[in-house]
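Undergrad: Residue numbers (the numbering used here): 240 to 707.
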Amino acid sequence: MLVNLPGGLPSHAADPATYCVRAAGLALAAGGDIALVGSPVLWLAPRSPQLSWGRDGHTQELPHAPLWWIGGGWCEFPLAQETSRARAHAAYAPRTFEPPWRCGGALLRPMTAPLEPGPGTDTSAVGGPGVVRVLRSLLCQSRSSLWARPDVGGHWRLFPEALEFQLSRTEAFEVLSGDRYVLLLRDSAGSGSLDTVLLFDVMQNAFLPPVSPTRPNCGGHVGEAPVRWRPVDGTWGSSAPGLSLRAWVLESSPEFLLLLAPVCRDGVQRTAEDPHSALHLVGYGGEVVSHHLPCKATRLTLQRYDKYFLLVKDPQEHPTGKGGACMDDDWHPSHDRVAAWLLSADDFAIPPMPVMLPGARSGFCMGADSSWSLAIARGSLEELAANYHLRQDTSQRLYLLEDGPTLRLWASRRLDDTFDALYEQHTFDGARLLRHAMDFEPLPQSSVEVGESAGGSWLLCSPGFRDL
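#1: Which residues in the same chain have their Cβ closer than 8 Å to the Cβ of residue 716, if we skip the five residues on either side of it in sequence?
#2: Run the CB neighbour count on residue 709, radius 10 Å, all protein chains shown included, and call it buried at 16 or more, exposed below.
#3: Would residue 628 be called buried (16 or more neighbouring beta carbons within 10 Å of its own) or exposed?
#4: Mind checking who residue 540 pairs with in its DSSP beta bridge?
#5: Which residue wins for smallest C-alpha separation from residue 591, given the options 400, 375 and 578?
#6: Is DSSP giving residue 490 helix, strand or coil here?
#7: Report the residue ranges of all beta strand (DSSP E) runs contained in full by the segment 608-650; include only those spanning at least 3 residues, in chain order.
#8: Rounded to whole angstroms, what is the Cα-Cα separation between residue 539 and residue 393?
#9: For residue 457, I'd like the list of residues in its chain whose CB is within less than 6 Å of its CB, leaving aside the five on either flank, ordered along the chain.
#10: For residue 535, which residues from the same chain have a beta carbon less than 6 Å from its beta carbon, with the 5 sequence-adjacent residues on both sides left out?
#11: In the DSSP assignment, the beta strand (DSSP E) including residue 372 goes from what residue to what residue?
#12: According to the neighbour-count rule (16 or more other Cβ atoms, all chains shown, within 10 Å of its Cβ), is residue 667 buried or exposed?
#13: Which of the three DSSP states, helix, strand or coil, is assigned to residue 388?
#14: Measuring alpha carbon to alpha carbon, tell me which residue in 260, 410 and 670 is nearest residue 496.
#15: Considering just the uninterrupted stretch of the beta strand (DSSP E) at residue 530, what are its terminal residues?
#16: So, helix, strand or coil for residue 285, using DSSP?
#17: Given a threshold of 16 other Cβ atoms within 10 Å of its Cβ, counted over all protein chains shown, does residue 621 qualify as buried or as exposed?
#18: Assuming residue 252 and residue 258 are in contact, meaning their beta carbons sit under 8 Å apart, how far apart are those beta carbons, in whole angstroms?
#19: What is the DSSP secondary structure of residue 523, reduced to helix, strand or coil?
#20: In this structure, how does DSSP classify residue 265 when only helix, strand and coil are distinguished?
#21: What does DSSP give as the partner residues of residue 578 in its beta bridges?
#22: Kindly indicate which three-state DSSP category residue 453 falls into: helix, strand or coil?
#23: Between residue 427 and residue 402, what straight-line distance do the alpha-carbon atoms span, to the nearest angstrom?
#24: In terms of alpha-carbon separation, which member of 440, 260, 255 and 310 lies closest to residue 283?
#25: Hey, residue 551 and residue 542: beta-carbon distance below 8 Å or not?
#26: Under the assumption that residue 415 contacts residue 524 (Cβ atoms under 8 Å), give the Cβ distance between them as a whole number of angstroms.
#27: Helix, strand or coil for residue 604, going by three-state DSSP, please let me know.
#28: Using the C-alpha atoms, what's the distance from residue 596 back to residue 603?
#29: Can you tell me which of 369, 286, 347 and 600 puts its alpha carbon nearest to the alpha carbon of residue 356?
#30: With C-beta atoms as the reference, is residue 634 less than 8 Å away from residue 678?
#31: Counting C-beta neighbours from all protein chains within 10 Å, is the total for residue 574 16 or more, i.e. buried, or is it exposed?
#32: Using a threshold of 8 Å, state whether the C-beta atoms of residue 279 and residue 262 are closer than that.
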């Protein structure tokens, strides 16, 4: 059966957008019962807007023209020679991360309650200032103090810490059918600042710790350090969790709330500049699932896909050959090999899968003038097929861009069996189950000399990007 496609076949496309449009039209014409085989589509975009401008405010050109990968080779965009290289193809830049709660998501906004009395004798009259309602709870702000109580019965409860927030910008997440509320307090610093996360229990009329300390290591993934980390502040054990948490909201839905918080190596948050990170998922049923990431939160880039969260570490976070690293309590021998963590969006209870960079024996270059980038894409790779029957396999894979004097692509194994494949290891302490970390193999004919080092200017993108 011949299908008349306007413009031609996907393999004759001149840019990634045209390829995706033609591939979608071909799949629609063939029907859902026929699986179409196609090559993975990837392209390069400027890593950040700051790279397009010099320190003097003038345009700073990128090292070379943007490229895109299709069918086993690199291609140039058709208009790359007519447009400034620093501003070329802005439409292919990844979309800035916009959580659903900023677009009218599942979080609740308080409503004014003019007939509710406020706390204390000065504001006890009906119509006290600053009283708002969040379903089954009432909130009130008095300068830097926050008061809360149930809407029926109970007395006003003062939060024991001073807070800088605006009650009009406060949002809440409902837990246990309204028995608890996760409060997100925001100040006037803007949308990029940390939120103050509180947990108010309506049944007990009390503030509770929103999360517990995370474990520094996940067994079966990275391993234990040769010398165990010294405790923070010179005391053994973890400190008690506080009643407030400073965190960013990554995503929210009626079923869960996903937070990213800076923490210390023992999983307890002490300042907003703590060297490690923690992922906290608060479910509607009251469950809290936490994961520890040994990387500073401000040095992580979150890539959202349909089934995965990919948290990519900045290449300069843990440089190789760090002098005196063994004396750093926040350092681990495997930190310079871990490039990212892959988290399943379908089952958050599975610990994040470390994504390991290829070793020097594989030919991967990690010099001072080199960098790398990661992306998830779908497509068939016949050269990496495990057997004859998987030559046309189009499952999702993780792709690694070696960004240096030579551009080269690396590909991982299938992602759908990453969290399902368990391996049993027998030791003198007994048997334990573990998973293999993600590794890469180089793609043939993917090396291209760019003439000069890109210096980490490029970000690898794919059609599966939802936001960044």
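Note that the Cβ used here is the ideal one computed from N, Cα and C, for glycine as well.
TA: Taking the definition as stated:
#1: Any answer about residue 716 is impossible in this case: the structure gives the chain only from 240 up to 707.
#2: Nothing can be reported for residue 709: it is not among the residues displayed for the chain, which extend from 240 to 707.
#3: Start at 1 with the first residue of the sequence shown, and residue 628 comes out as number 389. Exposed, by the Cβ-count rule.
#4: Taking the sequence shown and counting its residues from 1, one reaches residue 540 at position 301. For residue 540, which the question treats as bridged, DSSP gives the partners 551.
#5: Position 352 of the sequence shown holds residue 591. Considering only alpha carbons, the answer is 578.
#6: On the sequence shown, position 251 is the one that residue 490 refers to. Note: residue 490 maps to strand in three-state DSSP.
#7: 610-617 and 635-642
#8: The sequence position of residue 539 within the sequence shown is 300, counting from 1. The sequence position of residue 393 within the sequence shown is 154, counting from 1. In a straight line, the C-alpha of residue 539 is about 43 Å away from that of residue 393.
#9: For this step, residue 457 is matched to residue 218 along the sequence shown. Annotation note: pLDDT 42 at residue 457 (below 50); position unreliable, no value reported.
#10: Counting from 1 along the sequence shown, the entry for residue 535 is found at position 296. If we look at residue 535 and ignore the five residues flanking it on each side, its Cβ neighbours are 514.
#11: Here residue 372 refers to the residue found at position 133 when the sequence shown is read from its first residue. 370-373 is the span of the beta strand (DSSP E), which, as asked, contains residue 372.
#12: Locating residue 667 in the sequence shown gives position 428, counting from the first residue. Residue 667 comes out exposed.
#13: Working through the sequence shown from its first residue, we reach residue 388 at position 149. Correct three-state label for residue 388: strand.
#14: As a working note, residue 496 is residue 257 in the sequence shown. The candidate whose alpha carbon is nearest that of residue 496 is 410.
#15: Residue numbering aside, residue 530 sits at position 291 when the sequence shown is read from its first letter. Unbroken beta strand (DSSP E) run through residue 530: 527-532.
#16: Counting from 1 along the sequence shown, the entry for residue 285 is found at position 46. DSSP places residue 285 in strand when its eight states are reduced to three.
#17: For the purposes of this step, residue 621 is taken as residue 382 along the sequence shown, with counting starting at 1. Exposed, since its Cβ has fewer than 16 Cβ neighbours within 10 Å.
#18: Along the sequence shown, read from residue 1 onward, the residue named residue 252 stands at position 13. Along the sequence shown, read from residue 1 onward, the residue named residue 258 stands at position 19. Contact holds; Cβ gap of about 4 Å.
#19: Taking the sequence shown and counting its residues from 1, one reaches residue 523 at position 284. DSSP places residue 523 in coil when its eight states are reduced to three.
#20: To locate residue 265, count along the sequence shown from 1; it is residue 26. Here residue 265 sits in helix by DSSP.
#21: For the purposes of this step, residue 578 is taken as residue 339 along the sequence shown, with counting starting at 1. Its beta-bridge partners do not exist; DSSP assigns none.
#22: On the sequence shown, position 214 is the one that residue 453 refers to. Residue 453 falls in the coil class under three-state DSSP.
#23: In the sequence shown, the residue the question calls residue 427 occupies position 188. In the sequence shown, the residue the question calls residue 402 occupies position 163. Cα-Cα distance, rounded: 12 Å.
#24: Counted from its first residue, the sequence shown places residue 283 at position 44. Cα-wise, what sits closest to residue 283 is 255.
#25: Within the sequence shown, residue 551 is the residue found at index 312, counting from 1. Within the sequence shown, residue 542 is the residue found at index 303, counting from 1. Going by C-beta atoms, residue 551 is nearer than 8 Å to residue 542.
#26: Stepping through the sequence shown from its first residue, residue 415 is reached at position 176. Stepping through the sequence shown from its first residue, residue 524 is reached at position 285. Sure, about 7 Å apart at Cβ, within 8 Å.
#27: The residue labelled residue 604 in the question sits at position 365 within the sequence shown. Residue 604: coil per DSSP, three-state reduction.
#28: In the sequence shown, residue 603 corresponds to position 364, counting from 1. In the sequence shown, residue 596 corresponds to position 357, counting from 1. The straight-line gap from Cα to Cα measures roughly 8 Å.
#29: Working through the sequence shown from its first residue, we reach residue 356 at position 117. Per the Cα distances, 369.
#30: Within the sequence shown, residue 634 is the residue found at index 395, counting from 1. Within the sequence shown, residue 678 is the residue found at index 439, counting from 1. No, Cβ-Cβ distance for residue 634 and residue 678 is not below 8 Å.
#31: Stepping through the sequence shown from its first residue, residue 574 is reached at position 335. Residue 574 comes out buried.
#32: Position 40 of the sequence shown, counted from the start, is the residue given in the question as residue 279. Position 23 of the sequence shown, counted from the start, is the residue given in the question as residue 262. For residue 279 and residue 262, no; Cβs fall outside 8 Å.
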